[in-house]
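Enquirer: Can you read through this structure? Questions will come right after.
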Amino acid sequence: MRILIVAGVFLIPLMGQSLRELADQRGIKLGAAVDPSHFAEAAYAEALAREFNQVEPENAMKFGPIHPGQSTYNFTSADAIVAFAQAHGMSARGHTLVWYNQLPGWLTSGGHTPAQLSSILQEHISTVVGRYAGRVYAWDVVNEAFNGDGTLRSYFWYNSPGIGLPGTGYIEQAFRWAHAADPKALLFYNDFSAETINQKSDAIYRMAQDFKARGVPLDGIGMQMHFTTSTGSLGSMEANIKRITDLGLQVQITELDVRLPVNSSGVATSAALATEAQIYHDIVAMCLKYARCTAVQTWGFTDKYSWIPGTYPGFGAALPLDSSYQPKPAYNSIQNALQTGRPVASAEGLVNAASYRGGAIAPGELVLLFGATYGPATLQFSQLNSSGAVPAEWAQTRLLFDGVPAPLLYSRVGQVAAVVPFSIAGKTATQIEYEYQGLRSEPMTVNVTTAVPGVFSFDSSGQGPGAILDASYRLVSRDHPAHRGDSISLFITGGGVTSPDSPDGQISTTGSFPALAVLPRVSIGGVDCSVQYAGGASGLVTGVAQVNVLIAAGVPSGEQPVSVSVGDAASQPALTVWLE
Ligand code: XIL
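Residue numbers for the sequence shown follow the working numbering, beginning at 55 and rising by one.
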């Protein structure tokens, strides 16, 4: 909440956007560790659902609480958390399957052999992960397995007595069991004091490299981030995030809190609160710089309930809301970081909207940009502007090619559709910037080519039966195949410039349509077929072309490959049409 001071007299409270709304526009998870015994407290439940889009059990899924007897599970608390998440449209994250702490007595004093422990752990992982499959999207599979010097921690699951696997083999095994129980869940290794580059984070990095190289199902590294006011070097932390995400792994910040010295009433100085706010800001801002940093989660969310005072006497005030659920300076600084970080976008996410192929782009090509990290939380389809054209800005989103904003068909965080401006014609490369709410990405340089034809299909692989009409405008399919001697219409994008020139974003509505400057060639079932027309069509935006082609007599029956070529450039393979 911000306070607006008018003439120094009136105080008008302005509700800014909640952290959750901002995180949704960032396409990231903003989470909190929770204790379901507080759900009945309205202020707790309301603040949680208003400010966060993710929950994780602070304790309820740990081995001891969830598996209190060898043949007894207690899912009550974990179920309540997952139900809360579902009721409020939040994601649920699981914590944790393999840890040295909070193990039940039946297990640690059970005198089991490694072979027995191996089957106990396998059964535990498959039961717990399996129960929440589809409802818990990510798991901390293994927690805190390394010492500060990078050696493996000696403990129950590793070597006292362990499950019988040397080195990181027991960790690998746990990941494989978790993956078998829920192949869609994202699996994380989670640890503390491994944020900066140090002996522990080096050891984790080496394990991650090894797991990636051998196909062990590891999706990311969790960084706990239990901080005091001295966090260690932010530059070193960022270098660590960079090297992990460069492996193709995600980073999630899993247990962020900043403990402050407090007086006997639990109150911290305003200077300490300001330092805390700066740390929260800097951590969120750092995460937003990496598209693969996908979550920021705090360990609790209100100072009313935090593990800090109990575990670190003399410390407290570690979270963004105070003990009355009011925003602290840390809350405002998280909000500020979420509002001011530049979006991140990558040319690797830029593909032809019909073929889903990337690389070079052509003037007028309808493209999709996947993965830009700031945008509308929900899909916003554009509407034609007062000149009847597709607008060059929609929902505060723009995609600029050498500074020229492209007609935008829709926008959502992580996916926009735009028509490449014709002004890039004749260039060898273009600089593309993605923009949302006035904040721009770093420019991406992409090569420009004359044509990159793609044929529209119904599949997001760009393959399979094309979106092809027969002469009576009926969709061609297995049930309604086309016939030799018929004329069919294909729809393509990336065919290049037209003659006469096509203005950006214009919708063709008149009888005279611009034709593709270079007539495409079409082959069906390996046989060249004659192209009768290639150019604009009623109701289509410039850059999308209709191609009418006569199916030659020699084309075989069945599902036949279709290829459209403009100059040297051919459309995607495995695009087909049904013939009888
Ligand atoms: C802590 C909980 O917050 C406490 O309530 C509990 O008594 C002990 O565990 N790293 C972790 C978390 O991965 O599971 C720990 O949670 C805090 C340190």
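Glycine included, C-beta positions come from ideal geometry on N, C-alpha and C.
1) Since Ala505 and Asp524 should fall inside the 8 Å C-beta cutoff, what is the C-beta to C-beta distance between them, to a whole number of angstroms?
2) Is the segment 465 to 480 in contact with the segment 415 to 424, if contact means three or more CB pairs nearer than 8 Å?
3) What span of residues does the alpha helix (DSSP H) with Arg297 cover, start to end?
4) Taking only runs of the beta strand (DSSP E) that begin and end inside the segment 248 to 332, which ones reach a length of at least 3 residues, in chain order?
5) Which one of Phe545, Val405, Pro215 has the shortest CA to CA distance from Val24?
6) Taking only the alpha-carbon atoms, compute the straight-line gap between Ile57 and Tyr344 and give it to the nearest angstrom.
7) For Leu462, count neighbouring Cβ atoms within 10 angstroms of its own Cβ and tell me buried if that reaches 16, exposed if not.
8) Taking the beta strand (DSSP E) that Gln351 belongs to, which residues open and close that run?
9) In the DSSP assignment, find the alpha helix (DSSP H) that holds Thr130 and state where it starts and stops.
10) Is DSSP giving Thr162 helix, strand or coil here?
11) Which residue marks the beginning of the alpha helix (DSSP H) containing Ala101, and which one marks its end?
12) Given that a residue counts as buried once 16 or more other Cβ atoms are within 10 Å of its Cβ, and exposed if not, what is Tyr428?
13) Can you give me the C-alpha to C-alpha distance between Ala407 and Pro119, rounded to a whole angstrom?
14) When every heavy atom of the ligand XIL is checked, does at least one fall within less than 7 Å of the C-beta of Thr643?
15) Going by DSSP in three states, Asn501 sits in which element: helix, strand or coil?
16) Report the residue from Tyr410, Glu112, Glu95 whose alpha carbon sits nearest the alpha carbon of Ile362.
17) For Ser208 and Asn201, what's the separation of their Cα atoms in angstroms?
18) If you drop the 5 nearest sequence neighbours on each side, which residues of the same chain put their C-beta closer than 8 Å to that of Pro397?
19) Tell me, to the nearest whole angstrom, how far the beta carbon of Gly85 is from that of Val109; I am working on the premise that it is less than 8 Å.
20) Starting from Gly85, follow the beta strand (DSSP E) in both directions and report where the run begins and ends.
21) Quick check on DSSP: helix, strand or coil for Ala239?
22) Ignore the nearest five residues each way along the sequence and tell me which others in Val136's own chain have a CB closer than 7 Å to its CB.
23) Hey, is the segment 508 to 515 in contact with the segment 380 to 394, meaning 3+ C-beta pairs nearer than 8 Å?
24) Which of the three DSSP states, helix, strand or coil, is assigned to Arg207?
25) Verify whether the separation of the beta carbon atoms of Val316 and Gly370 is less than 8 Å.
26) In chain order, what residues of the same chain have a beta carbon less than 6 Å from the beta carbon of Ser577, not counting five sequence neighbours either side?
27) What's the call for Thr484, buried or exposed, on a 16-neighbour Cβ count within 10 Å?
28) Smallest Cα separation from Phe138: which of Ser531, Gln71, Ala101?
29) Roughly how many angstroms lie between the CA atoms of Gly593 and Ser543, to the nearest whole one?
Expert: Taking the geometry as given:
1) Position 451 of the sequence shown, counted from the start, is the residue given in the question as residue 505. Position 470 of the sequence shown, counted from the start, is the residue given in the question as residue 524. Ala505 to Asp524, Cβ: 26 Å. No contact.
2) yes
3) If you number the sequence shown from 1, residue 297 lands on position 243. Per DSSP, Arg297 is one residue of the alpha helix (DSSP H) stretching across 288 to 300.
4) 274 to 277, 304 to 312
5) What the structure shows of the chain is the stretch from 55 to 634, and residue 24 is not part of that stretch, so it cannot be assessed.
6) As a position in the sequence shown, residue 57 is number 3, starting the count at 1. As a position in the sequence shown, residue 344 is number 290, starting the count at 1. Interpretation of Ile57 is limited by its pLDDT of 41, a score under 50 that renders its predicted location unreliable; the figure taken from the coordinates is listed afterwards. Whole-angstrom Cα-Cα distance: 32 Å.
7) In the sequence shown, residue 462 corresponds to position 408, counting from 1. Buried, since its Cβ has 16 or more Cβ neighbours within 10 Å.
8) Position 297 of the sequence shown, counted from the start, is the residue given in the question as residue 351. Segment 347 to 352, the beta strand (DSSP E) holding Gln351.
9) Stepping through the sequence shown from its first residue, residue 130 is reached at position 76. It spans 130 to 141 - the alpha helix (DSSP H) in which Thr130 sits, taken as one unbroken run.
10) Mapped onto the sequence shown, residue 162 falls at position 108. Assignment of Thr162 by DSSP, reduced to helix, strand and coil, places it in the helix class.
11) Looking up residue 101 in the sequence shown gives position 47. Start and end: 96 to 105.
12) Here residue 428 refers to the residue found at position 374 when the sequence shown is read from its first residue. With 16 or more other Cβ atoms within 10 Å, it is buried.
13) Against the sequence shown, residue 407 aligns to sequence position 353. Against the sequence shown, residue 119 aligns to sequence position 65. Computed Cα separation, rounded: 49 Å.
14) A question about residue 643 goes unanswered here, because the residues of the chain that appear run from 55 up to 634.
15) Taking the first residue of the sequence shown as position 1, residue 501 is located at position 447. Asn501 falls in the strand class under three-state DSSP.
16) In the sequence shown, residue 362 corresponds to position 308, counting from 1. Minimum Cα distance to Ile362 is reached at Glu112.
17) Here residue 208 refers to the residue found at position 154 when the sequence shown is read from its first residue. Here residue 201 refers to the residue found at position 147 when the sequence shown is read from its first residue. Rounded to the nearest angstrom, the two C-alpha atoms are 9 Å apart.
18) As a working mapping, residue 397 is identified with position 343 in the sequence shown. Closer than 8 Å at the Cβ level, and outside the excluded window around Pro397, lie Ala426, Thr427, Tyr428, Gly429, Tyr488, Glu489, Tyr490, Leu493, Arg494, Ser495.
19) Counted from its first residue, the sequence shown places residue 85 at position 31. Counted from its first residue, the sequence shown places residue 109 at position 55. Contact holds; Cβ gap of about 6 Å.
20) To locate residue 85, count along the sequence shown from 1; it is residue 31. Looking at the DSSP string, the run of the beta strand (DSSP E) that includes Gly85 is 83 to 88.
21) Residue 239 sits at position 185 when you count from the first residue of the sequence shown. If DSSP states are grouped into helix, strand and coil, Ala239 belongs with coil.
22) For the purposes of this step, residue 136 is identified with residue 82 of the sequence shown, where counting begins at 1. So the qualifying residues of the chain are Ala146, Tyr186, Arg189, Val190.
23) No, the segment 508 to 515 is not in contact with the segment 380 to 394.
24) As a working note, residue 207 is residue 153 in the sequence shown. Residue state, collapsed to three classes: coil.
25) Here residue 316 is taken as the residue at index 262 of the sequence shown, counted from 1. Here residue 370 is taken as the residue at index 316 of the sequence shown, counted from 1. Cβ atoms of Val316 and Gly370: closer than 8 Å.
26) The residue given as residue 577 occupies position 523 in the sequence shown. Excluding the 5 residues flanking it on each side, Ser577 has same chain C-beta neighbours closer than 6 Å at Ser617, in chain order.
27) The residue labelled residue 484 in the question sits at position 430 within the sequence shown. Around the CB of Thr484, 16 or more other CB atoms lie within 10 Å, so the residue is classed as buried.
28) As a first step, residue 138 is located in the sequence shown; it is residue number 84 there, counting from the start. Nearest option by C-alpha distance: Ala101.
29) The sequence position of residue 593 within the sequence shown is 539, counting from 1. The sequence position of residue 543 within the sequence shown is 489, counting from 1. Their Cα atoms are separated by approximately 15 Å.
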